[in-house]
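Asker: With UniProt numbering applied, the sequence shown has no gaps in its numbers, which climb one by one up to 179 at the end.
Backbone N, C-alpha and C fix where the C-beta goes; we use that ideal spot for every residue, glycine too.
Please read these numbers as outputs of a predicted model, since none were measured by experiment.
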Amino acid sequence: MSELFQAVIASDEKTDLRQFVSDLRVLGNKYLLRNDIVNAFAAYCTKYEKPEQFHQSSLLSKLIYCVQEIILEDDSLCILLRPKIAAIEIVRLGDDLRVQQMTVQELLDVRDRFVNQFHPEEGDILELDFGPFYDYSPIIRDPKNIGKGVQFLNRYLSSKLFQDPRESQETLFNFLGIH
1 MSELFQAVIA
11 SDEKTDLRQF
21 VSDLRVLGNK
31 YLLRNDIVNA
41 FAAYCTKYEK
51 PEQFHQSSLL
61 SKLIYCVQEI
71 ILEDDSLCIL
81 LRPKIAAIEI
91 VRLGDDLRVQ
101 QMTVQELLDV
111 RDRFVNQFHP
121 EEGDILELDF
131 GPFYDYSPII
141 RDPKNIGKGV
151 QFLNRYLSSK
161 LFQDPRESQE
171 TLFNFLGIH
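As structure tokens, this is what we get:
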């Protein structure tokens, strides 16, 4: 379970979380993306005259900062959190503020039900393979390299160039000869 949820629920801000959730239900929108959530939290802080420090640095504001989307169901909320780069957490927050981990499949089922396309008995499930086209391409394992693909590729190719210089020079010569 997310440490952020544990911290908010264990603190005095538990009532603020409960009030914010009830304000989200009043909005009428059942599927909220990040911008909607941030705007709703700003409106919540204004409505209840919360100090600027609460809006910027409270535990609840840190939690809201990590929330990517919320799906409002009848008795719970499905929340997608991104606590750090290249990591997601999916939780279900009940009306009693009980937090349960969800799997990706459960989230996808909730989304399907939301758009009235949930028919698992029919068996026609679209599957997408996001694997690399080439199995010899380098894989980014360190989240710090995400968004720095060119630098990562340059380092990878440079290291390959010096591992077997003869083969690398021959490949480079053939490439330059073609172009």
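1. Can you tell me where the alpha helix (DSSP H) holding residue 22 begins and where it ends?
2. Using CA coordinates, which residue listed in 164, 176 and 104 is at the minimum distance from residue 246?
3. Would the beta-carbon of residue 14 fall within 8 Å of that of residue 97?
4. Can the beta-carbon of residue 114 be found closer than 8 Å to that of residue 30?
5. Run through DSSP, which three-state label would residue 82 get?
6. Rounded to whole angstroms, how far is the Cβ of residue 79 from the Cβ of residue 70, which I believe are closer than 8 Å?
7. Rounded to whole angstroms, what is the Cα-Cα separation between residue 74 and residue 146?
8. If you drop the 5 nearest sequence neighbours on each side, which residues of the same chain put their C-beta closer than 6 Å to that of residue 100?
9. By how many angstroms is the C-alpha of residue 174 removed from the C-alpha of residue 159?
Answerer: Let me spell this out:
1. Taking the first residue of the sequence shown as 1, we reach residue 22 at position 22. Residues 14–27.
2. Past the boundaries of the shown model lies residue 246; the chain is included only from 1 to 179, so the question cannot be answered.
3. Position 14 of the sequence shown, counting from 1, holds the residue named residue 14. Position 97 of the sequence shown, counting from 1, holds the residue named residue 97. Closer than 8 Å, so yes.
4. By one-based count along the sequence shown, residue 114 stands at place 114. By one-based count along the sequence shown, residue 30 stands at place 30. Result yes, Cβ atoms of residue 114 and residue 30 sit closer than 8 Å.
5. Within the sequence shown, residue 82 is the residue found at index 82, counting from 1. It is a strand residue.
6. As a position in the sequence shown, residue 79 is number 79, starting the count at 1. As a position in the sequence shown, residue 70 is number 70, starting the count at 1. Indeed they touch by this definition, with Cβ atoms about 5 Å apart.
7. Residue 74 sits at position 74 when you count from the first residue of the sequence shown. Residue 146 sits at position 146 when you count from the first residue of the sequence shown. Using only the alpha carbons, I get a separation of about 37 Å.
8. Reading the sequence shown from its first residue, position 100 is the one you call residue 100. Same-chain partners within the cutoff: 92.
9. For the purposes of this step, residue 159 is taken as residue 159 along the sequence shown, with counting starting at 1. For the purposes of this step, residue 174 is taken as residue 174 along the sequence shown, with counting starting at 1. Residue 159 and residue 174: Cα-Cα distance of roughly 19 Å.
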